[in-house]
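A.B. asks: Using my numbering, you'd call the opening residue of the sequence shown number 65 and step up by one each time. Where is the CB? At the ideal position from N, CA and C, for every residue including glycine. Because the structure is a prediction, the values reported are computed rather than measured.
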Amino acid sequence: MPEDITLENLSNKIDGLIHSMGLGFNRVDQRFNVMDGQFDEMNQKFISIDQRFDTISEKFDSIDKRFNSVDQKFDLVNNRFNIMDQRFDTMDLRFDTMDQRFDTMDLRFSTSDKRMDSFDDKLNSLFATTDDLARITKEGFDRITEDVCFLKQEVAFNGDAIVKLSNKLEMKMAAVHLHLTRLDEHVGLFA
Numbered sequence: 065m066p067e068d069i070t071l072e073n074l075s076n077k078i079d080g081l082i083h084s085m086g087l088g089f090n091r092v093d094q095r096f097n098v099m100d101g102q103f104d105e106m107n108q109k110f111i112s113i114d115q116r117f118d119t120i121s122e123k124f125d126s127i128d129k130r131f132n133s134v135d136q137k138f139d140l141v142n143n144r145f146n147i148m149d150q151r152f153d154t155m156d157l158r159f160d161t162m163d164q165r166f167d168t169m170d171l172r173f174s175t176s177d178k179r180m181d182s183f184d185d186k187l188n189s190l191f192a193t194t195d196d197l198a199r200i201t202k203e204g205f206d207r208i209t210e211d212v213c214f215l216k217q218e219v220a221f222n223g224d225a226i227v228k229l230s231n232k233l234e235m236k237m238a239a240v241h242l243h244l245t246r247l248d249e250h251v252g253l254f255a
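Here it is as structure tokens:
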């Protein structure tokens, strides 16, 4: 027998339906709350990842600054080597000039020898001139010997400076290598 549709029955059915719908809406709300929590967790993870990337980027900026500093130091060393090259070139020119002077002196001695052979009647006069020439030559050789000693000292000093620069360069390269190794280990921690 069909149930009588009364206002009370209809009200009870509507109340039951509303109650069922309310429970369904509560479940949907709970699921949305869970999803919101999961999205918040994902957002926090992305924020953490962004912070790590920012940290890595700062490290790379620091490394770039260090490399720029090393480049500047290499430029300074290179400039020093250029100065040394110029000094050695100057010394080469001085040695070439000395060689030319020795050649000129050799020519003069040859000319003197030829004149001595061809002018026997001026032998006594030539001996006096030769004595003067020997004294002047000795004085010239003494000055040349002093100049050569001075140049040897300059070369030794420059050689010591090059060795010191080379040692400093090796120390700087070792420091750069150590820094890069540490950086490699540090970046490995974020990988």
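Can you give the Cα-Cα distance for phenylalanine 173 and lysine 232, rounded to whole angstroms?
C.D. replies: Those two C-alpha atoms are separated by around 50 Å.
A.B. asks: Which of the three DSSP states, helix, strand or coil, is assigned to methionine 65?
C.D. replies: Any reading at methionine 65 must be qualified, since the residue scores a pLDDT of 42, below 50, and its modelled position is unreliable; no value is offered.
A.B. asks: Would you identify the three-state DSSP class for threonine 209, choosing helix, strand or coil?
C.D. replies: Looking at threonine 209 - three-state DSSP - the assignment turns out to be helix.
A.B. asks: In chain order, what residues of the same chain have a beta carbon less than 6 Å from the beta carbon of aspartate 195, not counting five sequence neighbours either side?
C.D. replies: If we look at aspartate 195 and ignore the five residues flanking it on each side, it has no Cβ neighbours.
A.B. asks: CA-CA distance, leucine 81 and aspartate 100?
C.D. replies: Answer to the nearest angstrom: the Cα atoms are 28 Å apart.
A.B. asks: With H, G and I counted as helix, E and B as strand and the rest as coil, what does DSSP make of threonine 70?
C.D. replies: Residue state, collapsed to three classes: coil.
A.B. asks: Give the single residue among Asp211, Val219, Lys123, Asp93 whose Cα lies nearest to the Cα of methionine 148.
C.D. replies: Closest by alpha carbon: Val219.
A.B. asks: Just the C-alpha distance for asparagine 107 and isoleucine 113, rounded to the nearest angstrom, thanks.
C.D. replies: Taking the straight line joining both Cα atoms gives about 10 Å.
A.B. asks: Round the Cβ separation of methionine 162 and isoleucine 208 to the nearest angstrom and send it over; I've been treating them as touching at under 8 Å.
C.D. replies: About 7 Å; that satisfies the 8 Å criterion.
A.B. asks: Suppose you measure from the CA of arginine 246 to the CA of asparagine 132; what does that come to, to the nearest Å?
C.D. replies: Their backbone Cα atoms lie some 18 Å apart in a straight line.
A.B. asks: What's the gap between the Cα of leucine 229 and the Cα of aspartate 167?
C.D. replies: Cα to Cα, the separation comes out at about 38 Å.
A.B. asks: Look at the alpha carbon of histidine 243 and the alpha carbon of lysine 123, and state the distance between them as a whole number of angstroms.
C.D. replies: Roughly 12 Å separates the two Cα atoms.
A.B. asks: Between the alpha carbons of glutamate 72 and histidine 83, how many angstroms are there, rounded?
C.D. replies: So the alpha carbons of these two residues sit roughly 16 Å apart.
A.B. asks: Candidates Asp248, Glu249, Glu234: which alpha carbon is nearest phenylalanine 50's?
C.D. replies: The chain is shown only over 65 to 255; residue 50 falls outside these bounds and no answer can be derived.
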